[in-house]
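S.K.:
In our numbering, the protein residues as written are 828 to 962.
1. What residues in its chain sit with their C-beta under 8 Å from that of residue 843, if we drop five residues either side in the sequence?
2. What is the DSSP secondary structure of residue 952, counted as helix, strand or coil?
3. Between the Cα of residue 880 and those of 957, 959, 944, spot the shortest distance and give me the residue it belongs to.
4. Quick one: is residue 925 buried, meaning 16 or more other Cβ sit within 10 Å of its Cβ, or exposed?
5. Restricting to runs no shorter than 3 residues, where is the beta strand (DSSP E) found entirely within the region 852-937?
6. Alpha carbon to alpha carbon, how far is residue 836 from residue 873?
7. Let me know the secondary structure DSSP gives residue 848 once reduced to three states.
8. Just tell me which of 957, 891, 861 has its CA closest to the CA of residue 917.
9. Hey, residue 877 and residue 949: beta-carbon distance below 9 Å or not?
10. CB-CB under 6 Å to residue 898, same chain, minus the five flanking residues each way: which ones, in chain order?
11. Between 919, 942, 960, 953, which lies nearest to residue 832 when the distance is taken from Cα to Cα?
12. Report the rounded CA-to-CA distance for residue 893 versus residue 960, giving the unit in angstroms.
Structure (structure tokens):
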């Protein structure tokens with residue numbers, strides 16, 4: 828997975844059947860549920876260096892070696908009780924998609940790295956949104 832072939836990523840999270848929170852780096856479309864349970868729709872573009880940073884961190888953390896699903900055996904992936912993240916990295920010839928449930932506890936190192944990746948993506952999006960709102 829070369830940085831020169833990286834095109835975009837999608838990031839979704841939430842609980843239950845519908846993941847109401849989402850971000851698409853190709854379009855900048857960002858939707859999330861705020862602390863008043865209202866859906867906020869906005870457009871936030873990441874800078875090129877943010878995208879490169881996330882690609883490099885994904886590479887460093889071994890995202891490409893993650894299983895497609897990081898969840899406990901027998902878990903209900905649509906559970907309304909467990910926070911779920913979906914990360915999709917799109918390249919010219921390949922796509923890597925990972926589903927991560929936050930209650931995963933079978934391989935602690937994998938859990939920690941998956942949690943770190945979701946935190947890095949969330950922080951990059953939040954930082955970009957802050958830049959947009961402070962203009």
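Glycine included, each C-beta is placed from N, C-alpha and C at the ideal position.
M.R.: Short version:
1. Within the chain shown, residue 843 is the residue found at index 16, counting from 1. Same-chain partners within the cutoff: 905, 906, 907.
2. Position 125 of the chain shown, counting from 1, holds the residue named residue 952. In the three-state DSSP reduction, residue 952 falls in the helix class (H, G or I).
3. Counting from one through the chain shown, the residue named residue 880 turns up at place 53. It is 944 whose Cα lies nearest to the Cα of residue 880.
4. The residue labelled residue 925 in the question sits at position 98 within the chain shown. By the 10 Å Cβ count, residue 925 comes out buried.
5. Within the region 852-937, the beta strand (DSSP E) runs of at least 3 residues that lie entirely inside it are, in chain order, 856-860, 866-870, 911-918, 922-928.
6. Start at 1 with the first residue of the chain shown, and residue 836 comes out as number 9. Start at 1 with the first residue of the chain shown, and residue 873 comes out as number 46. Rounded to the nearest angstrom, the two C-alpha atoms are 11 Å apart.
7. Counted from its first residue, the chain shown places residue 848 at position 21. In this structure, residue 848 counts as strand in the three-state DSSP scheme.
8. To locate residue 917, count along the chain shown from 1; it is residue 90. From the listed residues 957, 891, 861, the smallest Cα separation to residue 917 is found for 891.
9. Indexing the chain shown from 1 puts residue 877 at position 50. Indexing the chain shown from 1 puts residue 949 at position 122. It is not a contact, given that the beta carbons lie outside the stated cut-off.
10. In the chain shown, residue 898 corresponds to position 71, counting from 1. Close CB contacts of residue 898 within its chain, under the 6 Å cut and outside five residues either way in sequence, are with 928, 931 (chain order).
11. Within the chain shown, numbered from 1, the residue matching residue 832 stands at position 5. Closest by alpha carbon: 919.
12. Locating residue 893 in the chain shown gives position 66, where the first residue counts as 1. Locating residue 960 in the chain shown gives position 133, where the first residue counts as 1. Each residue's alpha carbon lies about 35 Å from the other.
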